[in-house]
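For the record, the sequence lines run as chains A, B, C and D. Take our numbering: the last position of the first sequence gets the number 663, and nothing is skipped along the way. Take our numbering: the last position of the second sequence gets the number 663, and nothing is skipped along the way. Take our numbering: the last position of the third sequence gets the number 676, and nothing is skipped along the way. Take our numbering: the last position of the fourth sequence gets the number 676, and nothing is skipped along the way.
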Amino acid sequence: MIKPIQSVNDFVIKFANVNGTGSASANNLFAKAVFNMGVPVSPRNIFPSNIQGLPTWYEVRVNQDGYLGRRGGGVDIVVAMNPQSLADDVAAVLPGGYFIYDSTNPLPESLRRDDIQIIGIPFTELCRQQFSNTKQRMLFKNIAYIGALAALLDIDFEVFTQLLSKQFKGKEHLVTSNTTALELGYVYAKKTFECPIGIRMEKSDAVGDKILVDGNTASGLGCVYGGATVCGWYPITPSTSVVESYSRFCERMRIDPASGKKRFGIVQMEDELAAIGVVIGASWNGARAFTATSGPGVSLMSEFLGLAYFAEIPVVLINVQRGGPSTGMPTRTQQSDLLACAYASHGDTKHVLTFPANPKECFEFSAESFDLAERLQTPLIIMSDLELGMNDWLCDPLEWKDDSQFDRGKVLHEEQLENLKDGERFGRYLDVDDDGICYRTYPGAHPEKGAFFTRGTSRDRHALYTEEGAHYVDNMERLVKKHRTAAKLIPAPIINIDDKRHKMAVVYYGTTDNVMAESLAKLEKQGLKFNSMRLRSYPFSDEVAEFIEGHERLFVVEQNRDGQMRTLLIDELECDPSRLVSVLHYDGMAIPVEAVVGGIINNLSAEQNRKTGEAS
Amino acid sequence: MIKPIQSVNDFVIKFANVNGTGSASANNLFAKAVFNMGVPVSPRNIFPSNIQGLPTWYEVRVNQDGYLGRRGGGVDIVVAMNPQSLADDVAAVLPGGYFIYDSTNPLPESLRRDDIQIIGIPFTELCRQQFSNTKQRMLFKNIAYIGALAALLDIDFEVFTQLLSKQFKGKEHLVTSNTTALELGYVYAKKTFECPIGIRMEKSDAVGDKILVDGNTASGLGCVYGGATVCGWYPITPSTSVVESYSRFCERMRIDPASGKKRFGIVQMEDELAAIGVVIGASWNGARAFTATSGPGVSLMSEFLGLAYFAEIPVVLINVQRGGPSTGMPTRTQQSDLLACAYASHGDTKHVLTFPANPKECFEFSAESFDLAERLQTPLIIMSDLELGMNDWLCDPLEWKDDSQFDRGKVLHEEQLENLKDGERFGRYLDVDDDGICYRTYPGAHPEKGAFFTRGTSRDRHALYTEEGAHYVDNMERLVKKHRTAAKLIPAPIINIDDKRHKMAVVYYGTTDNVMAESLAKLEKQGLKFNSMRLRSYPFSDEVAEFIEGHERLFVVEQNRDGQMRTLLIDELECDPSRLVSVLHYDGMAIPVEAVVGGIINNLSAEQNRKTGEAS
Amino acid sequence: MTCVPKSKFHHPQLPVNELGLTYRDYEGSMSTLCAGCGHDSVGAAVVQACFELSLPAHRVAKLSGIGCSSKAPTYFLGKSHGFNSVHGRMPSVATGANLANRELIYLGMSGDGDSASIGLGQFAHVVRRKLNMTYIVANNGAYGLTKGQPSATADRGSLMKGGKEVTDEGIDLVSLALSMGATYVARSFSGDKEELVPLIKGALSHKGFAFIDVMSPCVTFNNHQGSTKSYDYLRDHMESLISADFIPHKSEITVQSEPGEAQDIFMHDGSVMRLRAADESYDPCSRSSAFAAIEAHREKGEVLTGLLYLESGASHLHENLNTVDKALNGLGYKELCPGDEVLKELNESFR
Amino acid sequence: MTCVPKSKFHHPQLPVNELGLTYRDYEGSMSTLCAGCGHDSVGAAVVQACFELSLPAHRVAKLSGIGCSSKAPTYFLGKSHGFNSVHGRMPSVATGANLANRELIYLGMSGDGDSASIGLGQFAHVVRRKLNMTYIVANNGAYGLTKGQPSATADRGSLMKGGKEVTDEGIDLVSLALSMGATYVARSFSGDKEELVPLIKGALSHKGFAFIDVMSPCVTFNNHQGSTKSYDYLRDHMESLISADFIPHKSEITVQSEPGEAQDIFMHDGSVMRLRAADESYDPCSRSSAFAAIEAHREKGEVLTGLLYLESGASHLHENLNTVDKALNGLGYKELCPGDEVLKELNESFR
Ligand SMILES: Cc1ncc(C[n+]2csc(CCOP(=O)(O)OP(=O)(O)O)c2C)c(N)n1
Ligand SMILES: Cc1ncc(C[n+]2csc(CCOP(=O)(O)OP(=O)(O)O)c2C)c(N)n1
Ligand code: SF4
Ligand code: SF4
Ligand SMILES: [Mg+2]
Ligand SMILES: [Mg+2]
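Structure representation (structure tokens):
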């Protein structure tokens, strides 16, 4: 008999449900409870590309040390509420772990395991007795298992009741019925089993002033703070909630108090081509505008992205990446659109990308992206992903400096145009400041001066159509210069020099951040030490180049098949590919710690073997 | 006074016309005449993105040695028929060169140059006297200057009359009137100037059995020979004539003799998304299908390209590249869609590319691409360009082996399905042969077996929908394997090892081939010797890798800004970027010899300076 | 093709069709749509229509875009090849497929988002090219799969879940199909199998572009009050104008209908659509009659159903292109490759 | 905006408008279209309309796609900003531009390939969203810029240059615009300035989506016999049904038209469209009347011109969205950024 797992504030629990049965809010309640006990928590929704009736899981990691990435491997506790997936769910429990199931129907003998603790609670039956209405029976079954967990894991019942009163403020009957359901599970567990089990929770202060929010909510909010007034979009998982969040916050914060009218315009367009068309039209006309999409939408936007690049129109595009290629895995996560975005559209194009790693950065990068896109007059693509966008993350509270201002970039308004001296002639594509960025004017600015024709065809510095090779090259070279300017303005990498003498480093970006501290700690335990760099944007700055130059071997950790960031690094920095080693994970689930640790160790030991082999 | 240029069968002549005035056929007559004298010739149309009334040029290089790329720099002779561009045209003449103009209106004093020979012939006036009808007057003016050239350059008048009778077979009156026009110019020149001038033509046999044809014609013909039966397309310069040629040849060669009906279906679709949709639908259903487009079309096709990659459907796409990004320079040439095509669509995708370098390869690559795409069950993109597609090239005659057969790839037909043994189950994505390529079935093949659902979403080996990470990864890894298989099947590089000991090499592809022999000869005169490799496809084979490995420094010559092939080489072969030096030319005109020679020499002398600097 | 479907062993009580197949043989894999989703009823109607027509299922090609409705083909005709393409672009894929092999039956299944929003262009153009296919839109006025946003067929003034009012003009796909030249145009309701099955049978038997706009409620996101695509609303506002009976070719047409009572329209294969108009003045062979009736009912807030227009014998894409009668995908090397002799002549012409 | 255009020194004999500007001031750069191209006449009509309306040219934004017709905006209103976007996608760019600043006048200029082929989806959707703009299609039934292929408006049965017959159904953009909810719908002929100029003036003054389908022959590729878009064909087959006069707001409307004789429709700014129908039964304020008339003339092979439909006072996109009256692009940091206090509250709600 294997010893049951013992731990305090450190476990992974997985809820197995059927989608469309209302489990989401119950599971969410559990995560919130952990959070409210002051213990770091990271819940993950694993849902099918379907609306109702298929298996869906909610995996929650609870970790006192704040390690919140996916651990990988099995889980400590399963709450199995879905008969369809029972076999898989039993199999997911680690030896010594706990399997909680709805014992209204008996567990098939074949599924029994000796090496785990099996805890049966007749949730369905309990609710059948308690509630008369079918819908209530279905919904409260979920709340009941949360109640049971309160007992089994020793979660303060108070925490739940507080959460419920907060959630259902003003709807007291809901508070009551939910509490009843909670108690149903709680009491049953308490009286039937020895509580708590080996795994339990204790109040802590490891959460501090942190918040629990998903990336898409933060991105949408960032667009409000960044001053976006126009949004054209088309629904697609997992980006839809960015616009939903923007819309919700706008309805609250952007209503003109005098007239009750809206200081924003959101239009659901007929497809993604039209969505980015709206952004381009609005930006050209001097409004801050954005759209959000995912893989297939990015592909459809590529012609327009080329136009924006060449005609130099600001675009803010939030790409919440999912599993590709094609329709791929719409409800899974990946970082596989880097090349498609960096090189989007035919011809020589290079686009600016940023890589947020947590909701706070979603907020900040979204807000700042309008400054950057307008400053650079080019598309800026924020590369989020499903893991970040659609899951709640524990992160630092959002901040805003009230003395901020929008940087609208280089624009000549009526007055400046009026004051142009004789002989001074406005030229849309004149590189006045030698940074590759030119001055633009908004339509309607001045009756006589500053009008020009925007186009995707070659033109001279005064925006006049030309097929003259020299003008074309002049312009294309300036765009390269602008790309270099961009590298100086966009978010700097987060570099951690553990020790200057380390020859090895890890390079990563986006949601991989979530597993990095833990992975490095694990590696360190095995005597392997690394400096590290989290990339936050493309093109790469000198700082990035120096870091790469400064190490002999760099492990580039990515969530895609082809090592796309590594390709960008080599292409842009001209570094020797043999120094950059890919560590990849791309099965659609967020990268787990074991993939990083395993990937690096395997590479090093393979190397070791090679060397030994050579020597022998 | 500069000595007039003297040469035989070696010059560049440029015709300056107004577009829409019928100069094209006259200019073409000139090129054909040179060809028929047995002298290598390469004409180039330099035309605006417009239908009528703007300057257009026709530049013809005549070169006994068969050097037919653009020389670069000025030209030896200009025939100036366009008052709008007179100043530029005078300026284009090399010192010692010849400037022939329509002296019906006097040449402005300001444009006169002392260092060139100015030859005025009143073409308009001559035609006014000879012809009564205005349209004739306009058209025959063009023929008249060809007549004058016959005299000035000593071209056999017979050659023209033969060409005219061939061209206007059965329309004798046209032969007569054209001959009259020719004589008009001929006689005037003969009696007014000392003929021939310093530059002249002599009959030769340097042409052999070569032909003069444009790449798009050859590509269209290749699609006929390759067995394409379905074409969905959307017009766009410079690809339109691929489909026009396919259509023309089909109308001649693909009519069912019994019924008079067509063995092909061409549909002009509403846009490029629809065009490639047709190809995908037809290929899925077992027909050979293709489309042709250019930059903006490629961008629009990118979502569908991802579907074809992931669902593994053959696609033949002929991309006749033009100046990008965006609408860019629609009537100029470039090789700037490599990254957009190789990595087209979101997610981890890699597409197969081929790079024809002359019309013969356009023909062969088009024909073979159907075998390849069906064998590989993936998109294959033929990367032609405007320079190749829309200009007449001197090239070897087209050949076809009559004992060829189509390789339709791995398909299980009714009989094979019927004969599947008990327990053998067809699986669309089973890697039976361990080459990454699976067997497919056509719709309707068998009543009971072989049906499956094609989709862009993740699926297992039996084509069933799944969101299981392991299945997804299994599939994606197989696609990588298939990509490696592709490298073995697609056109091999043309490698020229001048001397095994050379440490330096040039790498190039596509139309750059046209200037390479001459460039290498020029470099050799300066004591610089290179091995060379012309890439003909992507992904790269072992042979390519070995060549790259075998040299210390490789100059990668390309017609784009960002060195896109170099990026692909580094990404795919993992070679050290510092060994690959870009030589780039991308102003929209075909790369001239001087760009290659200059680019390489500049690099080497910069290096030299650096070294000397270091040493001192 | 020499092979025909083999009748398999089956439960003796299940009725069999002419091919000896049961209804079951026409089903697909288990549906993953929401319980009660209209699309499953549409799928069931397709199964029944094909079963009753005794179609060899493998000679049907199912094509779709992306959406709950576009997933539906997985759940019927499991022996047919299917192609779940990309969002809104099924029509072009169908065009290519049809060009490749004119001998199969093409059944497109799409949603209102797929065909009226992102796919409006492709939809309109496939109609005007008169592709020989059956095109079904399972129309719920919303995007089911992305959780309930309004589609372009959501009626102006109707309410979405959450109470937001639709302000854009709703697109009527039936009128659009009519004006783009469809030759078989019908509308029906997923809840009315009686009406729907014969319409599908007629469409599958029609040579030319057959369009059926099936109101197919989304129980999860668009079945509330204020919606004009809910089960309740539709039951209350459907006006079946032209009921249609499909009389297969082989059955003897015993009773020729009396003029005024019903109108018989012969299909290319000899089968007959027998139409009965509720309103006698309605002429199902007149486009303008159809337009006027649709418009009139629309203004009254009613949804007109039935076979609204039928033009028999009109030419379709293959005929317009004058392609050979044989499937293009069946032509061999000899029929396609002109060979070296021809190339030699061509070379000469390039000199 | 405080600035108004300054009248410049000009030839004393040139007539000036209320802003003191001459016709010349409304021109653009020299046209590079073919001599005789209909599009240049359309451009000239725009110039004249703007001149006569005394529009401040810089307050007009010109938007187009790709094609000869889409190039045309370069050749008029040189003082306006212009945006030559990508092929077929001008409507979405116009939507964004309009959202950003409701205070400018939006003039879209497109071709039949641009709007009916590649752009059909965007065209239909911008109409149903009722964007406040004027949308002109210079319709020649062909792709001029790519040398003469048929566009989706080429009529079925007509001949293309080279003699090929068009087999796909031709799209009638006017009917499409009507059915998608356009509130000002007209058709005219580039060769008929008398008719066209007032129609443009009315469209520019209309609040809502104003569509003008201008038959604009391509002299180079589609002006031959057998074409239904040639100058000759159009001159012979145009039927001007509703002639329109534009009476500017400021001019006193002295003679109120008699009923039956003409119908006066007031625009939002107080100006008037005075319509005279050749056929008395025609009601330019009824959509179905318009449909029927268009269809009837189409069947006779005639091309109906004039102001076919006008709905004054309908709501447009900004109104439907209930956006503030001020241009969104003019809102400042204070009006847009909620600030740190609000964020603090939000943080609390995330706990
Ligand atoms: C290019 C692209 N954009 C967006 C999506 C996301 N998406 C999937 S289905 C769908 C809408 C489906 O609506 P409809 O066709 O009406 O089908 P329903 O689910 O209502 O049956 C959308 C927007 C996608 N898959 N691809
Ligand atoms: C995506 C894309 N596809 C194709 C083209 C090539 N193209 C340029 S203009 C044009 C057709 C224009 O037709 P229309 O809108 O009728 O304008 P016209 O020239 O007849 O006035 C096409 C196909 C393009 N520029 N972009
Ligand atoms: S979400 Fe709506 S459309 Fe989709 S399966 Fe459920 S009920 Fe049907
Ligand atoms: S090609 Fe036709 S549409 Fe284009 S400019 Fe010439 S006449 Fe006009
Ligand atoms: Mg729908
Ligand atoms: Mg046109």
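Note that CB positions come from ideal geometry on N, CA and C, so glycine has one too.
Pick out the complete beta strand (DSSP E) segments inside the region 483-519 of chain C, 3 residues or longer, and give them in chain order.
If we require 3 residues or more, the beta strand (DSSP E) runs fully inside the region 483-519 of chain C come out as 509-514.
Between the C-alpha atoms of B:V319 and D:A449, what's the straight-line distance to the nearest angstrom?
For the purposes of this step, residue 319 of chain B is identified with residue 272 of the second sequence, where counting begins at 1. For the purposes of this step, residue 449 of chain D is identified with residue 124 of the fourth sequence, where counting begins at 1. Looking at the sequence shown, residue 319 of chain B is not Val but Glu. Taking the straight line from one Cα to the other gives about 19 Å.
With D:A386 and D:S405 assumed to form a contact (beta carbons below 8 Å), what rounded beta-carbon distance in angstroms separates them?
Here residue 386 of chain D refers to the residue found at position 61 of the fourth sequence. Here residue 405 of chain D refers to the residue found at position 80 of the fourth sequence. That pair is a contact at about 6 Å.
What ranges does the beta strand (DSSP E) occupy inside the region 407-454 of chain C, keeping only unbroken runs of at least 3 residues that lie completely in it?
As far as the region 407-454 of chain C is concerned, its whole beta strand (DSSP E) runs of at least 3 residues are 430-436.
Out of B:G344, B:T239 and B:Y356, point me to the one whose CA is closest to A:S392's CA.
Residue mapping note: residue 392 of chain A aligns to position 345 of the first sequence, counting from 1. Nearest C-alpha to A:S392: B:G344.
Taking CB distances under 9 Å as the criterion, tell me whether D:P475 reaches chain B.
Sequence index remark: in the fourth sequence, residue 475 of chain D carries index 150 (1-based). Cβ-Cβ to chain B under 9 Å: yes for D:P475.
Distance, Cα to Cα, D:T327 vs D:E660?
Position 2 of the fourth sequence, counted from the first residue, corresponds to residue 327 of chain D. Position 335 of the fourth sequence, counted from the first residue, corresponds to residue 660 of chain D. Residue confidence for D:T327 is low, a pLDDT of 36 falling below 50, so the modelled location carries little weight; the figure read from the coordinates is stated next. Their Cα atoms are separated by approximately 22 Å.
Nearest-angstrom Cα distance between C:A463 and A:E298?
In the third sequence, residue 463 of chain C corresponds to position 138, counting from 1. In the first sequence, residue 298 of chain A corresponds to position 251, counting from 1. The straight-line gap from Cα to Cα measures roughly 33 Å.
Count the CB pairs spanning the region 320-336 of chain A and the region 274-284 of chain A that are closer than 8 Å, and state whether there are at least three.
Segments in contact, yes.
For D:A603, is the classification buried or exposed, using 16 other Cβ atoms within 10 angstroms of its Cβ as the cut-off for buried?
As a working mapping, residue 603 of chain D is identified with position 278 in the fourth sequence. So D:A603 ends up on the exposed side.
The alpha helix (DSSP H) spanning A:P343 covers which residue range?
Start at 1 with the first residue of the first sequence, and residue 343 of chain A comes out as number 296. A:P343 -> alpha helix (DSSP H) spans G342 to L347.
Do D:L470 and ligand 4 come close, with the Cβ less than 8 Å from some heavy atom?
Start at 1 with the first residue of the fourth sequence, and residue 470 of chain D comes out as number 145. Indeed, a heavy atom of ligand 4 lies less than 8 Å from the Cβ.
Could you pull the start and end residues of the beta strand (DSSP E) that B:I258 belongs to?
As a working mapping, residue 258 of chain B is identified with position 211 in the second sequence. Its beta strand (DSSP E) spans residues I258 to D261.
I need the straight-line Cα distance from B:Y114 to B:E565, nearest angstrom please.
The residue you call residue 114 of chain B lines up with position 67 of the second sequence. The residue you call residue 565 of chain B lines up with position 518 of the second sequence. Whole-angstrom Cα-Cα distance: 6 Å.
Whole angstroms are fine: how far does the CA of B:K61 sit from the CA of B:D136?
The sequence position of residue 136 of chain B within the second sequence is 89, counting from 1. The sequence position of residue 61 of chain B within the second sequence is 14, counting from 1. Each residue's Cα considered, the two are about 9 Å apart.
What are the start and end residues of the alpha helix (DSSP H) that includes C:T459?
Residue mapping note: residue 459 of chain C aligns to position 134 of the third sequence, counting from 1. Not the alpha helix (DSSP H): C:T459 falls in the beta strand (DSSP E), residues M458 to N464.
Does the beta-carbon of A:V55, which I'm using as the reference point, lie nearer than 8 Å to any heavy atom of ligand 3?
Reading the first sequence from its first residue, position 8 is the one you call residue 55 of chain A. Result no, Cβ not under 8 Å from ligand 3.
Take B:Y476 as the anchor and find which of B:Y512, B:K468 and B:S451 has the nearest alpha-carbon.
Taking the second sequence and counting its residues from 1, one reaches residue 476 of chain B at position 429. Checking every option, the nearest Cα to that of B:Y476 belongs to B:Y512.
Under 9 Å, do C:K554 and C:M540 count as touching if we go by C-beta distance?
Sequence index remark: in the third sequence, residue 554 of chain C carries index 229 (1-based). Sequence index remark: in the third sequence, residue 540 of chain C carries index 215 (1-based). Yes, Cβ-Cβ distance for C:K554 and C:M540 is below 9 Å.
Measuring CA to CA, which of D:P381, D:L646, D:E490 and D:F408 is closest to D:Q550?
Residue numbering aside, residue 550 of chain D sits at position 225 when the fourth sequence is read from its first letter. The residue with the shortest Cα to Cα distance from D:Q550 is D:E490.
Which complete alpha helix (DSSP H) runs does the region 331-405 of chain A hold, if anything under 4 residues is left out?
Those alpha helix (DSSP H) runs which fall completely within the region 331-405 of chain A and span 4+ residues are 342-347, 349-358 and 385-389.
Verify the CB distance criterion: does B:D318 have a CB-CB separation below 9 Å to chain D?
Residue numbering aside, residue 318 of chain B sits at position 271 when the second sequence is read from its first letter. Yes, B:D318 lies at the interface with chain D (some Cβ there is under 9 Å from its Cβ).
Any heavy atom of ligand 7 within a distance shorter than 8 Å of the CB on C:D437?
Absence of ligand 7 from the depicted structure is noted, with ligand 1, ligand 2, ligand 3, ligand 4, ligand 5 and ligand 6 being the only ligands included.
Over what stretch of residues does the beta strand (DSSP E) that includes C:T630 continue unbroken?
Numbered from 1 along the third sequence, position 305 holds the residue referred to as residue 630 of chain C. Residues V628 to L635.
Return the CA-CA distance between B:G69 and B:N189, expressed in angstroms with no decimal places.
The residue labelled residue 69 of chain B in the question sits at position 22 within the second sequence. The residue labelled residue 189 of chain B in the question sits at position 142 within the second sequence. Roughly 8 Å between the two C-alpha positions.
Please determine whether the Cβ atom of B:Q23 lies at a distance below 8 Å from any heavy atom of ligand 3.
The structure shown has nothing for residue 23 of chain B, since chain B only spans 48 to 663.
What are the boundary residues of the beta strand (DSSP E) that includes A:F146?
Against the first sequence, residue 146 of chain A aligns to sequence position 99. V140 to D149 is the span of the beta strand (DSSP E), which, as asked, contains A:F146.
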